[in-house]
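Chemist:
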Amino acid sequence: FLQSVIKEFSTFIQKFYLTLIQGDFNGDIKIPPVEYDAFYLSSIHRQRCFNHYDQKEYDLDFIALTRRPNDKGERQYIKMVQNVLRQGHSSIDRTGVGVHTLFGEKMEFDLDYGLPVLTSKKMFFRGIVEELLWFLSGSTDVNVLKARGVHIWDDNTSRTFLDQNGLSHYEEGDGGPIYGFQLRHFGENYKDCRTVYEGFDQIRYVLSLLKDEPWSRRMVINLWDPSKLNEMVLPPCHMTYHFKVEQERLSCILYQRSGDLGLGVPFNIVSASLFVYIMAFLSKRKPGRLIHFLGDVHIYHNHVDALRTQCLNSLYYFPKLHIEDRNQQNVEDFQVQDFQLCGYRSCSKIPMPMAV
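So the sequence shown is numbered by the working numbering: it starts at 16 and just counts up by one.
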């Protein structure tokens, strides 16, 4: 009876109440598939309980899911992947791997409905946070990330890569004037990753406008400095952030010139959303919308099979983000352990090779 009711009336369901038991059990009733991505996580509460049947303790998560009014959630990403696979044209690219590509795409996420961490594959959330905080610190030393177990920049700052790209004067692990440098030291001349710089601090500029002129239309961070592109191991892909206060909620338009749909874009969605959360926290506001515009959207030929598999996977609701309030006053005050995902469910990890 339960199966038939859910199957017939699933589109009319406005709210789900779930109890997730952190343990393995053999159930006698199987609920048919539900489009959980049509719902957002409206509340979650964990409680430790004792089961007299097997004399063990279990953690129970009591979850309430509410149907999204308009936001399309992760399905936007899946449809973008499908569009590129069906309509994209095949092209050569810088890496020599080859891509399917489209030009000019958009996604929009309401951060009220959770942090948009993909659920169709398991995401490396800690690595995303580590990289963002590294950017925000102004560092360009990839060895800092390596020491924290994050290796996403290793190949692009290896001795071989630097020598092959005319950057042999950098020591291994030096990224050049990339994201962090442009965020905190825009306009300065770059020497190496160990030098202390001044320059224009774009984060402090936007934070000052959020405090003194929240109506401003000039809250823009631009990471694209054409005069320094040849000094970077990679030019910025996500390059322009435009912040706007909408009824005390902080929203952001992100323009990304180049989007690797398999590996890069899933990271970029989460990272940009976290950036909005951090800026909202520091300006004592709630996060609003992330509007994500992409220029060249592409799928590498050696990612096609993995992405086709991912498109068939189940989608779940986005998790909630909890930021530990330690009275942080600046972006440098945040630590990785301050960010906690609540209620994250996902499919398994899907490995894809990185094109260098």
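For each residue, glycine too, the CB sits at the ideal point set by N, CA and C.
What does a CB cutoff of less than 6 angstroms around M234 pick up in its chain, not counting 5 residues either side in sequence?
Modeler: Taking the first residue of the sequence shown as position 1, residue 234 is located at position 219. If we look at M234 and ignore the five residues flanking it on each side, its Cβ neighbours are V221, L224, F258.
Chemist: Using 10 angstroms around the beta-carbon of N342, count the other beta-carbons present and answer buried if the total reaches 16, otherwise exposed.
Modeler: Numbered from its first residue, the sequence shown carries residue 342 at position 327. It is exposed - the Cβ of N342 has fewer than 16 other Cβ atoms within 10 Å.
Chemist: Need the endpoints of the alpha helix (DSSP H) that F296 sits in, please.
Modeler: Position 281 of the sequence shown, counted from the start, is the residue given in the question as residue 296. Per DSSP, F296 belongs to the alpha helix (DSSP H) from 279 to 297.
Chemist: Determine the contact status of M95 and E123, defining contact as a CB-CB distance below 8 angstroms.
Modeler: Within the sequence shown, the letter at position 80 stands for residue 95. Within the sequence shown, the letter at position 108 stands for residue 123. Not a contact, by the Cβ cut-off of 8 angstroms.
Chemist: Quick one: give me the first and last residue of the alpha helix (DSSP H) that F140 is part of.
Modeler: Within the sequence shown, residue 140 is the residue found at index 125, counting from 1. Counting along the chain, the alpha helix (DSSP H) containing F140 begins and ends at 140 to 152.
Chemist: For I365, tell me which candidate among C326, Q197, A321, G191 has the shortest Cα-Cα distance.
Modeler: One-based indexing of the sequence shown puts residue 365 at position 350. Taking only the C-alpha atoms, the option nearest I365 is A321.
Chemist: Figure out for me which residue from S58, Y55, D275, L75 has the closest Cα to the Cα of C64.
Modeler: Within the sequence shown, the letter at position 49 stands for residue 64. For C64, the nearest C-alpha among the options comes from L75.
Chemist: Contact between the segment 185 to 192 and the segment 245 to 257 is defined here as three or more beta-carbon pairs at a separation below 8 angstroms; is this criterion met?
Modeler: yes
Chemist: For the putative contact between L265 and I236, defined by C-beta atoms under 8 angstroms, what is the C-beta separation to the nearest angstrom?
Modeler: Taking the sequence shown and counting its residues from 1, one reaches residue 265 at position 250. Taking the sequence shown and counting its residues from 1, one reaches residue 236 at position 221. That pair is no contact at about 13 angstroms.
Chemist: With 16 as the cutoff for other CB atoms within 10 Å, does D156 come out buried or exposed?
Modeler: By one-based count along the sequence shown, residue 156 stands at place 141. Classification of D156: buried, given that the 10 Å Cβ count is 16 or more.
Chemist: Give me, in chain order, the residues of the same chain whose beta-carbon lies closer than 8 angstroms to that of R345; leave out the 5 immediate sequence neighbours on both sides.
Modeler: Working through the sequence shown from its first residue, we reach residue 345 at position 330. Per the sequence shown, residue 345 should be read as Asn rather than Arg. The residues are L297.
Chemist: Looking at the unbroken beta strand (DSSP E) that takes in L336, where does it start and where does it end?
Modeler: Walking along the sequence shown from the start, residue 336 turns up at place 321. L336 -> beta strand (DSSP E) spans 335 to 338.
Chemist: Short check: CB of G190 to CB of W168, under 8 angstroms?
Modeler: Along the sequence shown, read from residue 1 onward, the residue named residue 190 stands at position 175. Along the sequence shown, read from residue 1 onward, the residue named residue 168 stands at position 153. In contact: G190 and W168 (Cβ atoms closer than 8 angstroms).
Chemist: Taking the alpha helix (DSSP H) that D207 belongs to, which residues open and close that run?
Modeler: Here residue 207 is taken as the residue at index 192 of the sequence shown, counted from 1. It is not in any alpha helix (DSSP H) - D207 carries neither H nor E in the DSSP assignment.
Chemist: With respect to the beta strand (DSSP E) encompassing Q62, which residues constitute its N-terminal and C-terminal limits?
Modeler: What you label residue 62 is simply residue 47 of the sequence shown in a count that begins at 1. Per DSSP, Q62 belongs to the beta strand (DSSP E) from 54 to 66.
Chemist: What first and last residue would you give for the beta strand (DSSP E) that runs through N237?
Modeler: Start at 1 with the first residue of the sequence shown, and residue 237 comes out as number 222. That run of the beta strand (DSSP E) goes 235 to 237.
Chemist: Could you spell out the range, first to last residue, of the alpha helix (DSSP H) harbouring M95?
Modeler: Taking the sequence shown and counting its residues from 1, the one referred to as residue 95 is at position 80. Looking at the DSSP string, the run of the alpha helix (DSSP H) that includes M95 is 90 to 102.
Chemist: Could you give the DSSP three-state label for P241: helix, strand or coil?
Modeler: Here residue 241 is taken as the residue at index 226 of the sequence shown, counted from 1. Here P241 sits in helix by DSSP.
Chemist: Look at the alpha carbon of N180 and the alpha carbon of H166, and state the distance between them as a whole number of angstroms.
Modeler: Counted from its first residue, the sequence shown places residue 180 at position 165. Counted from its first residue, the sequence shown places residue 166 at position 151. Rounded to the nearest angstrom, the gap between the Cα atoms of N180 and H166 is 20 angstroms.
Chemist: In whole angstroms, what separates the C-alpha of K299 from that of R83?
Modeler: What you label residue 299 is simply residue 284 of the sequence shown in a count that begins at 1. What you label residue 83 is simply residue 68 of the sequence shown in a count that begins at 1. Spanning the two alpha carbons is a distance of roughly 25 angstroms.
Chemist: By how many angstroms is the C-alpha of T81 removed from the C-alpha of I268?
Modeler: If you number the sequence shown from 1, residue 268 lands on position 253. If you number the sequence shown from 1, residue 81 lands on position 66. If you take the alpha carbons of I268 and T81, they lie about 26 angstroms apart.
Chemist: With distances taken Cα to Cα, identify the nearest neighbour of R15 among Y73, F139, T172.
Modeler: As displayed, the chain neither begins before 16 nor continues past 371, which places residue 15 out of reach and without an answer.
Chemist: One question on the structure: do C357 and K335 come within less than 8 angstroms of each other, judged by their Cβ atoms?
Modeler: As a working mapping, residue 357 is identified with position 342 in the sequence shown. As a working mapping, residue 335 is identified with position 320 in the sequence shown. Yes, Cβ-Cβ distance for C357 and K335 is below 8 angstroms.
Chemist: Would you mind giving the Cβ-Cβ distance between L126 and L305, rounded to the nearest angstrom? I have them listed as a contact below 8 angstroms.
Modeler: The residue you call residue 126 lines up with position 111 of the sequence shown. The residue you call residue 305 lines up with position 290 of the sequence shown. That pair is a contact at about 6 angstroms.
Chemist: Alpha carbons only, please: which of A295, M294, V351, L238 is nearest the one belonging to Y270?
Modeler: Along the sequence shown, read from residue 1 onward, the residue named residue 270 stands at position 255. The shortest Cα separation from Y270 among A295, M294, V351, L238 belongs to L238.
Chemist: Does the beta-carbon of T34 have 16 or more other beta-carbons within 10 angstroms, so that it is buried, or is it exposed?
Modeler: Taking the first residue of the sequence shown as position 1, residue 34 is located at position 19. T34 should be labelled exposed.
Chemist: If you run the structure through DSSP and keep just helix, strand and coil, what is V248?
Modeler: Residue mapping note: residue 248 aligns to position 233 of the sequence shown, counting from 1. Correct three-state label for V248: coil.
Chemist: Please name the residue, chosen from L160, G153, H307, that lies closest to R219 on a Cα-to-Cα basis.
Modeler: For the purposes of this step, residue 219 is taken as residue 204 along the sequence shown, with counting starting at 1. The candidate whose alpha carbon is nearest that of R219 is G153.
Chemist: For a test of the three-state rule: what should DSSP assign to K136, helix, strand or coil?
Modeler: Residue 136 sits at position 121 when you count from the first residue of the sequence shown. Note: K136 maps to coil in three-state DSSP.
Chemist: Excluding the 5 residues flanking W149 on each side, which residues of the same chain have their C-beta closer than 7 angstroms to its C-beta?
Modeler: As a first step, residue 149 must be located in the sequence shown, where it is residue number 134. For W149, same chain residues with a beta-carbon under 7 angstroms away, outside a window of 5 residues either side, are V159, L160, G195 in chain order.
Chemist: Only counting the same chain, and skipping five residues up and downstream in sequence, which positions put a Cβ closer than 7 angstroms to that of L56?
Modeler: Here residue 56 refers to the residue found at position 41 when the sequence shown is read from its first residue. Cβ within range, chain order: I78, L80, G129, Y332, F333, P334, K335, G358.
Chemist: Could you check how far apart the C-beta atoms of K302 and V291 are, in whole angstroms? I think they sit under 8 angstroms.
Modeler: The count along the sequence shown starts at 1 and reaches residue 302 at position 287. The count along the sequence shown starts at 1 and reaches residue 291 at position 276. Note on identity: in this sequence residue 302 is Pro, with Lys being the wrong assignment. Sure, about 5 angstroms apart at Cβ, within 8 angstroms.
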